[in-house]
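Enquirer: Shown below is the structure under consideration.
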Amino acid sequence: MACMNEDGQWIVLMGLLTALGLFFLALIINQSALVGQTTAEGVLEFPKNDIRDLRSAIFDHYDRCGNLDALMRQQNAEDIVRISLERKNAVVHFWNDTAQDISGRMLRPITIHYNNGVTVYNETVYY
Amino acid sequence: MVNDSGQLYTMEGVAAGVIMLLTAYIVISTTSIYTPGDTHIPDMQLEQLGSDVLAMMDTPDINGSDSRLNGLVRGGTGTGDTLRGEFLAGCKMRYEDPDNDLKAQVYLSYRTLSGNVSTIQLSSLDPEFTGRENTVRVTRWVQLPSGSTYDLPNLESSRPHAVLVEVLLWRA
Chain S
0 MACMNEDGQW IVLMGLLTAL GLFFLALIIN QSALVGQTTA EGVLEFPKND
50 IRDLRSAIFD HYDRCGNLDA LMRQQNAEDI VRISLERKNA VVHFWNDTAQ
100 DISGRMLRPI TIHYNNGVTV YNETVYY
Chain B
0 MVNDSGQLYT MEGVAAGVIM LLTAYIVIST TSIYTPGDTH IPDMQLEQLG
50 SDVLAMMDTP DINGSDSRLN GLVRGGTGTG DTLRGEFLAG CKMRYEDPDN
100 DLKAQVYLSY RTLSGNVSTI QLSSLDPEFT GRENTVRVTR WVQLPSGSTY
150 DLPNLESSRP HAVLVEVLLW RA
């Protein structure tokens, strides 16, 4: 060692820096695969489309069943609750209160509860 | 006393050791990510595509009219294959290639006269369906108005029904 030529130390140092830089890049590529995986799992797990669709189904229920008698209305609401539980593994509960004057329009407060064991969603919306 | 020349070589040795350790770490941690059956990313994309196509089919052409999906569900098992065909056509719309591997199966859940939930197959069974495909399921609520007769067994047609359209979607 002692008698070796010690010229070109800058070249050696730059080589070391390049090698370290490449390893950091490799680390980023490695992590990116993991990030894509966990993101996809998160998207699959979170029932965004289910909740949106459930909301529109409930609004549909109020649009179409508003003039029906109480039994038919209740049957239609029970359709949503029971099919949600059986086919979507989600506990759904919703109800409305009497309409109120909201900025000159008569709107009902509709309360929606949704729980599929992973995601809980609660909302009161004036419709 | 030890000769202190050649210190850079010592440093180089240490750096080489660190780099080798990093290499081993990266190699080992990379191979543990992709295990067989770990296909979440394509599943997520397929599920999103299917949801979007169902949402598109459930959007009426004219405000206040019924959507195409609603009309096809009202047809019951008679229009189930049409529903599947139009759904798949919607899924393949963005591709250049025909994407013939994409398969779908349509089911419908509703409450019968007795109040129980019944799930029937709306489209005819895919001849290659084994039940072991890696499928995703997308669903959409549909409101069926009262008064009409539907081609669905044990459905009480005197009241409006909220029914659930379920589509199994997979690549063969």
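Chains as they are written, first to last, in numbering that gives the first Met the number 0: chain S, 0 to 126; chain B, 0 to 171.
Cβ coordinates follow ideal geometry from the N, Cα and C atoms, glycine included.
Here the structure is a predicted model, which is why all the values come from computation and not from measurement.
What are the boundary residues of the beta strand (DSSP E) that includes Ala-103 of chain B?
Expert: Start and end: 101–110.
Enquirer: Is Thr-17 of chain S buried or exposed, if buried means 16 or more other CB atoms sit within 10 Å of its CB?
Expert: Thr-17 of chain S comes out exposed.
Enquirer: For Gly-117 of chain S, which three-state DSSP category applies?
Expert: For the sequence presented, residue 117 of chain S should be read as Val rather than Gly. Note: Val-117 of chain S maps to coil in three-state DSSP.
Enquirer: Does Leu-20 of chain B come out as helix, strand or coil in the three-state DSSP assignment?
Expert: DSSP places Leu-20 of chain B in helix when its eight states are reduced to three.
Enquirer: Between B:Ala-171, B:Glu-11, B:Asp-80, which has its C-alpha nearest Glu-127 of chain B's C-alpha?
Expert: Cα-wise, what sits closest to Glu-127 of chain B is B:Ala-171.
Enquirer: In the DSSP assignment, what are the bridge partners of Tyr-125 of chain S?
Expert: Partner(s): S:Pro-108.
Enquirer: Which term fits Trp-9 of chain S, buried or exposed, when burial requires 16 or more other beta carbons within 10 angstroms of its beta carbon?
Expert: Classification for Trp-9 of chain S: exposed.
Enquirer: Note down the Cα distance separating Ile-25 of chain B from Gly-12 of chain B, rounded to an integer number of angstroms.
Expert: Taking the straight line from one Cα to the other gives about 20 Å.
Enquirer: Can the beta-carbon of Ile-40 of chain B be found closer than 9 Å to that of Ala-39 of chain S?
Expert: Yes, Cβ-Cβ distance for Ile-40 of chain B and Ala-39 of chain S is below 9 Å.
Enquirer: Straight-line CA distance for Pro-144 of chain B to Asp-42 of chain B?
Expert: Going by the C-alpha atoms only, they are around 34 Å apart.
Enquirer: So what does Thr-138 of chain B bridge to, in DSSP terms?
Expert: Partner(s): B:Glu-165.
Enquirer: Work out the CA separation of Ile-79 of chain S and Thr-78 of chain B for me, nearest whole Å.
Expert: Computed Cα separation, rounded: 23 Å.
Enquirer: Indicate the three-state DSSP secondary structure (helix, strand or coil) for Thr-97 of chain S in the structure shown.
Expert: Note: Thr-97 of chain S maps to coil in three-state DSSP.
Enquirer: What is the DSSP secondary structure of Arg-170 of chain B, reduced to helix, strand or coil?
Expert: Arg-170 of chain B: strand per DSSP, three-state reduction.
Enquirer: The region 2–34 of chain B: which residues have C-beta closer than 7 Å to a C-beta of chain S, in chain order?
Expert: The residues in question are Asn-2, Ser-4, Gly-5, Leu-7, Tyr-8, Glu-11, Ala-14, Ile-18, Leu-21, Ile-25, Ser-28, Thr-29, Ile-32.
Enquirer: In whole angstroms, what separates the C-alpha of Leu-67 of chain S from that of Asp-96 of chain S?
Expert: Going by the C-alpha atoms only, they are around 17 Å apart.
Enquirer: Beta-carbon separation of Asp-80 of chain B and Ser-108 of chain B under 9 Å?
Expert: In this structure, Ser-108 of chain B does not lie closer than 9 Å to Asp-80 of chain B by Cβ.
Enquirer: Going by DSSP, name the residue or residues bridged to Ile-119 of chain B.
Expert: The partner list for Ile-119 of chain B (beta bridge, DSSP) reads B:Leu-107.
Enquirer: Residues of chain B with CB closer than 8 Å to the CB of Glu-85 of chain S, please, in chain order.
Expert: Under the 8 Å cutoff, chain B gives Ser-108, Val-116.
Enquirer: Roughly how many whole angstroms lie between the Cα atoms of Asn-115 of chain S and Arg-73 of chain B?
Expert: The alpha-carbon atoms of Asn-115 of chain S and Arg-73 of chain B are separated by roughly 29 Å.
Enquirer: By the DSSP assignment, the alpha helix (DSSP H) with Met-71 of chain S in it spans what residues?
Expert: Start and end: 69–87.
Enquirer: Under 9 Å, do Leu-163 of chain B and Leu-101 of chain B count as touching if we go by C-beta distance?
Expert: Taking 9 Å as the Cβ cut-off, Leu-163 of chain B and Leu-101 of chain B do not qualify as a contacting pair.
Enquirer: Would Gln-104 of chain B and Asn-75 of chain S qualify as a contact pair, given that the criterion is a beta-carbon distance under 9 Å?
Expert: It is not a contact, given that the beta carbons lie outside the stated cut-off.
Enquirer: Strictly by DSSP, which residues pair up with Leu-182 of chain B?
Expert: This structure gives no information on residue 182 of chain B, because the portion of chain B shown stretches from 0 to 171.
Enquirer: Would you mind telling me which residues of chain B sit closer than 8 Å to Phe-22 of chain S, beta carbon to beta carbon, in chain order?
Expert: By Cβ distance, chain B contributes Ile-18, Leu-21, Thr-22, Ile-25.
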